[in-house]
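Trainee:
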Amino acid sequence: AAGFCWLWFINLFNFMDGIDGITSVEAACIGVGIVLVVEVSGVGADLASPAAIAAGAAIGFGIWNWRPAKIFLGDVGSVGLGFLLGWLLLSLAAAGHWLPALLLPLYYLTDATWTLLRRILRGEKFWRAHRSHFYQNAAAQCGDHAKVVLLILRCNLVLIAAAIWAATGDARWPALALGGVGVALLLYNFTTMKAAAKIPDEAN
Numbered sequence: 237a238a239g240f241c242w243l244w245f246i247n248l249f250n251f252m253d254g255i256d257g258i259t260s261v262e263a264a265c266i267g268v269g270i271v272l273v274v275e276v277s278g279v280g281a282d283l284a285s286p287a288a289i290a291a292g293a294a295i296g297f298g299i300w301n302w303r304p305a306k307i308f309l310g311d312v313g314s315v316g317l318g319f320l321l322g323w324l325l326l327s328l329a330a331a332g333h334w335l336p337a338l339l340l341p342l343y344y345l346t347d348a349t350w351t352l353l354r355r356i357l358r359g360e361k362f363w364r365a366h367r368s369h370f371y372q373n374a375a376a377q378c379g380d381h382a383k384v385v386l387l388i389l390r391c392n393l394v395l396i397a398a399a400i401w402a403a404t405g406d407a408r409w410p411a412l413a414l415g416g417v418g419v420a421l422l423l424y425n426f427t428t429m430k431a432a433a434k435i436p437d438e439a440n
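Going by the numbering used here, the first residue of the sequence shown is number 237, and it counts up by one from there.
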């Protein structure tokens, strides 16, 4: 099961690298989140250094990957980063923090998994490249990669807080609810961006 989860995370991390800055922000937030969870709980201390290095590298790369991007990860970069972060998250779960390990990448997990299932149910050729993720639709409608990525950052800050909450006490279900609401509101925001952009066309 762990191997399948790792493989799926590597692939979805590659799938989600579709607009400027998104992977830098996601990787930095996951790395920082792991460091904070380890620090407040005192469990999995050996994960703090590689997580901090991953976060620092993502932030440094993000400066050049912000729109208009001057450099890009490509498949090799996003797969490699997904491999590292997937290992860190699985190690965090193995150390007893399975819920923080789920919460930190929850937006990426939700968008990628939901989009894949939706395409399968519609009978689409899901193995082919597409631009139907929630964040891609939002970016196409508002025409602003930075706005979309900043909304994802805001959601990730909520997920980091939820992960810390889950790691510091017996508030696992409230923490999961907080993370779920944060992701649901982000997806709703992305969906309403699309709906709002369609209104003028329908009026004409």
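Even glycine gets a Cβ: it sits at the ideal position worked out from N, Cα and C.
1) Mind checking which residues open and close the alpha helix (DSSP H) that includes residue 363?
2) Assuming residue 187 contacts residue 280 (C-beta within less than 8 Å), just tell me the rounded distance between them.
3) Determine the burial state of residue 335: buried for a count of at least 16 other Cβ atoms within 10 Å of its Cβ, exposed for fewer.
4) Are the CB atoms of residue 399 and residue 320 within a distance shorter than 8 Å?
5) I need the boundaries of the alpha helix (DSSP H) containing residue 243, first residue and last residue.
6) Between residue 347 and residue 429, is the Cβ-Cβ spacing less than 8 Å?
7) Assuming residue 294 and residue 271 form a contact by the criterion Cβ under 8 Å, report the distance between their Cβ atoms to the nearest whole angstrom.
8) Could you tell me which of 274, 382 and 344 sits nearest to residue 305, measuring between CA atoms?
9) In chain order, what residues of the same chain lie with their CB nearer than 8 Å to the CB of residue 284, ignoring the 5 residues before and after it?
10) Using the Cα positions of residue 409 and residue 308, report the straight-line distance between them to the nearest angstrom.
11) Would you report the Cα separation of residue 402 and residue 263, rounded to the nearest angstrom?
12) For residue 317, which residues in the same chain have their Cβ closer than 8 Å to its Cβ, ignoring the five residues on either side in sequence?
13) How many Å lie between residue 414 and residue 394 at the Cα?
14) So residue 419 and residue 255 are supposed to be a Cβ contact under 8 Å. How far apart are they, rounded?
15) Alpha carbons only, please: which of 412, 396, 388 and 411 is nearest the one belonging to residue 425?
16) Comparing C-alpha positions only, which one of 352, 359 and 378 sits nearest to residue 369?
17) Give me, in chain order, the residues of the same chain whose beta-carbon lies closer than 6 Å to that of residue 375; leave out the 5 immediate sequence neighbours on both sides.
18) Quick check on residue 426: does DSSP put it in helix, strand or coil?
19) Which two residues bound the contiguous alpha helix (DSSP H) that contains residue 381?
20) In terms of alpha-carbon separation, which member of 298, 286, 313 and 323 lies closest to residue 245?
Mentor: Taking the definition as stated:
1) As a working mapping, residue 363 is identified with position 127 in the sequence shown. Note, residue 363: premise wrong, no alpha helix (DSSP H); not H, not E.
2) Missing from the structure shown is residue 187; the chain here goes from 237 to 440 and no further.
3) Here residue 335 refers to the residue found at position 99 of the sequence shown. Buried.
4) As a first step, residue 320 must be located in the sequence shown, where it is residue number 84. As a first step, residue 399 must be located in the sequence shown, where it is residue number 163. With contacts defined by Cβ atoms closer than 8 Å, residue 320 and residue 399 do not form a contacting pair.
5) The residue labelled residue 243 in the question sits at position 7 within the sequence shown. From DSSP, the alpha helix (DSSP H) with residue 243 extends over 238 to 251.
6) Here residue 347 refers to the residue found at position 111 when the sequence shown is read from its first residue. Here residue 429 refers to the residue found at position 193 when the sequence shown is read from its first residue. Contact: no.
7) In the sequence shown, counting from the first residue as 1, residue 294 sits at position 58. In the sequence shown, counting from the first residue as 1, residue 271 sits at position 35. At roughly 12 Å, the Cβ-Cβ gap does not stay under 8 Å, so residue 294 and residue 271 are not in contact.
8) In the sequence shown, counting from the first residue as 1, residue 305 sits at position 69. The shortest Cα separation from residue 305 among 274, 382 and 344 belongs to 382.
9) Stepping through the sequence shown from its first residue, residue 284 is reached at position 48. For residue 284, same chain residues with a beta-carbon under 8 Å away, outside a window of 5 residues either side, are 270, 271, 274 and 275 in chain order.
10) As a first step, residue 409 must be located in the sequence shown, where it is residue number 173. As a first step, residue 308 must be located in the sequence shown, where it is residue number 72. Rounded to the nearest whole angstrom, the C-alpha separation of residue 409 and residue 308 is 38 Å.
11) As a working mapping, residue 402 is identified with position 166 in the sequence shown. As a working mapping, residue 263 is identified with position 27 in the sequence shown. Each residue's Cα considered, the two are about 20 Å apart.
12) Translated into positions along the sequence shown, residue 317 becomes position 81. Once the five neighbours on either side are set aside, the close Cβ partners of residue 317 are 249, 259, 263, 290, 294 and 309.
13) In the sequence shown, residue 414 corresponds to position 178, counting from 1. In the sequence shown, residue 394 corresponds to position 158, counting from 1. For residue 414 and residue 394, the gap between their C-alpha atoms comes out near 8 Å.
14) Taking the sequence shown and counting its residues from 1, one reaches residue 419 at position 183. Taking the sequence shown and counting its residues from 1, one reaches residue 255 at position 19. Contact flag wrong, Cβ pair sits at about 18 Å.
15) Reading the sequence shown from its first residue, position 189 is the one you call residue 425. Of 412, 396, 388 and 411, the residue nearest in Cα terms is 388.
16) Reading the sequence shown from its first residue, position 133 is the one you call residue 369. When only C-alpha atoms are compared, the closest one is 352.
17) Residue numbering aside, residue 375 sits at position 139 when the sequence shown is read from its first letter. Taken in chain order, the residues that qualify are 255, 381 and 384.
18) What you label residue 426 is simply residue 190 of the sequence shown in a count that begins at 1. It is helical.
19) Residue 381 sits at position 145 when you count from the first residue of the sequence shown. Counting along the chain, the alpha helix (DSSP H) containing residue 381 begins and ends at 381 to 403.
20) As a first step, residue 245 is located in the sequence shown; it is residue number 9 there, counting from the start. Out of 298, 286, 313 and 323, 323 has the C-alpha closest to the C-alpha of residue 245.
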